[in-house]
Every structure is written in C-alpha cells, then in structure tokens.
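Worksheet: the structure to be examined is printed underneath.
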Amino acid sequence: MYELKTLLPQFDIKLPTCMYELKNTSLSAGAAAGPAQEDTAAVMQRQEKVLKQLEELKAQLGKIRSSLGVRVCGKTVQHTTAYQNGGLKEVPLHDVVVNGHPNFIPYALLALKNAWRDLYTIDVKTFTHSTMADIGPAAREFEANLAKVPVNAALPKINVTLIWKNCEHTEMISSPTMYVPIYGEVNIIRYLGRVGPTEYRYENSPLCNEIDAVLDICYQLLRCSTHKSQVAMVRLLDKRLQQQQFFGGDQMSVADIGVYSSLIRMPAITDKDLTPALLAWRKRARLVTQI
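With the working numbering, the residue at position 211 of the sequence shown is 996, and numbering never jumps.
If you want it as structure tokens, here you go:
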C-alpha cells in the first residue's frame, strides 16, 4: 500500500498546569495493583463525603420548606397551631430584604417600628449598594431615626435588611429560596400587617375591605404625575376618613401607616391641600408614628 504522510506538523504541546492530574486507576499488564487501589479508595472516600454534604443540604431545604408552607410531592406542609394563630414567639419569621431608592424612602418601616414599639420589633439594618454613590441627607436622617428606636429582644421580631440601590420600584424579598419580590411600599405594608402584631391584622376585621381600599388609594397617589391628580386622591382619602379618628375606625391601623407615609413622600401636597379632618388626623397619627 501507499504510505501517506501526516497532514499535521509536529508541535511541542505544553500541558496546562491549572488542572488536577488524574492517575491511571486501571491495572495494566505487569503493573502493581497497590497504588491503583489506593487511588480508587481515595475517590470513593471523597464521593461519600460529597453525598453526606448533599444530605445535610437536603435537610436544611426541608426545614425552610416546612416554615414557608411550600408543597412537597403534592402535599402541603402542616404548621403548628402556634404558627397558624400567629405564635411568632414559637416560630420566628424569616428575614426579609427591602431594596429601595433614596428618592423614595420607605417611611412606613419607621412608622411601623414606632407604632409597634411595645408590641412587635422590626429590626432594620441598612446598607448601600454599589450603584449608589451617595444616598443623600434625607436617607441618612431616616437611618439615624431608625437607629434611635430600641430593639426589644423580649418581643416577637422580624429582621429587615434595607439596601439603598438604583432601582425603579421599592421591592421586598420575603423568600430565602425563591426570588419573588413584593413591589411597592403599600404592598409591603400589607405583608407586614399580616405577620405583625394581632392588633394590626385586619383580614378578619369587618373593616378589611375599607382598609384595603385606603391602601389602594395610597398606591395610586404615589403614582400620580400631576398635582391636580394628587389632590383628587387626597379628596378620596378625606371621604374615606369621614368622622372617624383613624382610617381603620377608632384605632390606628396599617391603613393609617400607608396614608401617613405616602403624604410624607409627596412634598407637593401641602397643608392647603389637606382638609381640616385630614389635618386633625395627621396630628393624631404623628403621636403614634413619631415622624
């Protein structure tokens, strides 16, 4: 037969030095069996260690699923009676993260922290994201006011991490396993109102729909682009308040927190735009929120 020359020239191939060198574990003819068996045993030992770590991780995820009530294999994890009744001392909540822009300060966190001072503890820690060069004097004052409110270790507590970043909407991340954000300060108030002290939980209250309606008006107020539309929303709030002491009746509710925080965030709305009833309500709310 004809002899074919090689098509590839001869190169000096340099093996990479950034990779692990694997030894040959097969038994060639005439080779000693000792070193190969030792390498195989080392591989099996590492495999057992990795499997053990995976089992530990699976157990940790199972605990997180149980606390969140996530369905597993078609079944819903059952919580204890303490959890269903809001026994936060027995079953603490997971930490939450709030991403917010310094131009849209979530004053509701400070208002709730002051209003729940003797009932519930909201421990807020603030951080600045790399997308923000400076958070500004208003945000720094907000941080200082948050730090002034003491943390009572004897009360039920939820840890909140507030991160100043260049984001369009205020959002809260409540799940440690899934990135499912809750958008908008009003919806964050709704969430905290459901997991906070029983005095502020309104789902079983006869005023549930009324409180939700007030919070919906706050949501629209924060998105008004003109002063005329803002004043129109204020008039709707005045109709909801009527002759009541607060928007939830005779006692402070999360609806009052939402209205109070929204008005602070709207500097274009002055005292001239507020009715006498709203001005009197704001004085009463300030005694509770201390903002």
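Beta carbons: idealized from backbone N, C-alpha and C, even for Gly.
Secondary structure within the region 898-982: the beta strand (DSSP E) runs of 3 or more consecutive residues, fully enclosed, are 906-913, 942-949, 956-958, 966-968 (chain order). Shown here for Tyr968: same chain residues with a beta carbon closer than 7 Å to its own, the five before and five after excluded, namely His954, Glu956 in chain order. In the pairwise beta carbon analysis, the region 1060-1076 is classified as touching the region 1024-1041: at least three pairs are separated by under 8 Å. Per DSSP, reduced to three states, the secondary structure at Asn884 is strand. Taking 9 Å as the cut-off, the Cβ atoms of Val980 and Met1037 do not count as close. By the C-beta density criterion, Pro941 is buried, having at least 16 other C-beta atoms within 10 angstroms. In the structure shown, Gly1033 falls within a coil segment according to DSSP collapsed to helix, strand and coil. Classified as exposed, Phe912 has fewer than 16 neighbouring CB atoms from the shown chains inside 10 Å of its CB. The C-alpha of Lys933 lies about 17 Å from the C-alpha of Pro922. From the listed residues His886, Pro891, Met829, Leu1022, the smallest Cα separation to Asp919 is found for His886.
Cβ atoms of Asn944 and Asp903 stay farther apart than 8 Å, at about 19 Å. When secondary structure is reduced to three states using DSSP, Tyr1045 falls in the helix class.
Around the beta carbon of Leu894, a 10 Å sphere encloses 16 or more other beta carbons of the protein chains shown; the residue is thus reported as buried. Shown here for His1012: same chain residues with a beta carbon closer than 6 Å to its own, the five before and five after excluded, namely Ala1053 in chain order. The DSSP-derived three-state label of Lys1057 is helix. Of the residues assessed, Pro1061 falls on the exposed side of the cut-off, its CB having fewer than 16 other CB atoms within 10 angstroms.
With a threshold of 16 other beta carbon atoms within 10 Å, Pro891 meets it and is buried. The alpha-carbon of Arg986 is positioned some 21 Å away from that of Val883. Between the alpha carbons of Lys848 and Glu984 lies a gap of roughly 29 Å.
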